[in-house]
Structure formats: structure tokens, C-alpha cells
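With the sequence shown counted from 1, adding 34 to any position gets you the working numbering.
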Amino acid sequence: MVDPRSGIEILDAAECWRLLADHDVCRLAVSVGGQPDIFPLNYVVDEERLVFRTAPGSKLASVAINANVAVEIDGYDPENNTAWSVVAYGTAGIVSSEAEEYRLERLPLFPWNTSPKYNFVEVSLDDIAGRRFVAEGRVAMPSTASDEE
35 MVDPRSGIEI LDAAECWRLL ADHDVCRLAV SVGGQPDIFP LNYVVDEERL VFRTAPGSKL
95 ASVAINANVA VEIDGYDPEN NTAWSVVAYG TAGIVSSEAE EYRLERLPLF PWNTSPKYNF
155 VEVSLDDIAG RRFVAEGRVA MPSTASDEE
């Protein structure tokens, strides 16, 4: 659905989930003791929830203290000169079942650095919304001869 006043396309939940599934980097927003924090992380969609790996530290402690989180992803499509974003709210939980950890280890979820990340966190999303719009202030780049080869 496109808002006639703004020209912004409001994405339905299915399109938001498709965008989440097609990408693997998001921002996880948390709040502990009234202090917000945000973490970029890689994730995978598994059975309508997000799963990420982490090591002991502030990210793991944050979701253990306050499981209420927000997740954001965004992108730009240069071919159509459109930008989009998805924001979702949900509940994070540290996976403690050995059987579930074993299953999650088979997902295509790989740390970006070599530090071991043995903890799995799952985020069940309760509310998801997205939008897409023409990037009015951005001029599409003309193709070059090397692009056409």
C-alpha cells in the first residue's frame, strides 16, 4: 500500500520477512538500566525468528537483563533508486537446550571474526513494519562502459 500523501510504500509483514530472510546483517537495539545500546550483527531467519551467535559480553548480558529488543535493517536499490527499511520489536532469549543448539549449529550462520561465539540468541518478533520509497535526493548513477561489458 502506498501512502498517497508521502508516496511511501508501507510493506506488509510478508515483504518485511522476505527482506529479513534475504539479508544477514541487522542492528539490534537494547536498553539496560535506561541506557540504550545498539549492536550490528549477522543473523539468520529460522522459523519466523532471528538467530544470532555471540560471545559473553555486553550483547549477551543486555538480552539476559532485558529481553525486549528492536531490530532494524535497511537497504538501497540503485537500479530502482529506492530505499527501504524494516523495524521489528520482539523478545530475545538465550538458547539453553543442547538439542536446539545442535540444530542451530547447522544453520548458515557464521561469525565474521575468529573469536569463538558459542552462545545462540533467538529473537521472536511480535511487531514488524517496513517501508520503501524513492530516494528523491539521490541521483541514479549512469552506467559506464565497464558496467556494460
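For glycine and all other residues, C-beta sits at the position ideal for the given N, C-alpha and C.
Annotated as proximal: residue 129 and residue 156, with beta-carbon spacing under 9 Å.
Excluding residues up to 5 positions away in sequence, 88, 128, 153 and 155 lie with their Cβ nearer than 8 Å to the Cβ of residue 94 in the same chain. Segment contact: the segment 62-70 against the segment 37-50, fewer than three CB-CB distances shorter than 8 Å; contact not assigned. Here the alpha carbons of residue 71 and residue 169 stand approximately 28 Å from one another. In this chain, residue 55 is not harboured by any beta strand (DSSP E); it is covered by the alpha helix (DSSP H) spanning 47-56. The Cβ atoms of residue 80 and residue 159 lie no closer than 9 Å to each other.
Looking at the DSSP output, residue 118 bridges to 109 and 166. Bounds of any beta strand (DSSP E) do not take in residue 138; it lies within the alpha helix (DSSP H) bounded by 132-138.
Under the three-state reduction of DSSP, residue 149 is assigned to coil, being neither helix nor strand. Under DSSP, residue 87 shares a beta bridge with 154.
No Cβ-Cβ contact shorter than 9 Å links residue 143 with residue 107.
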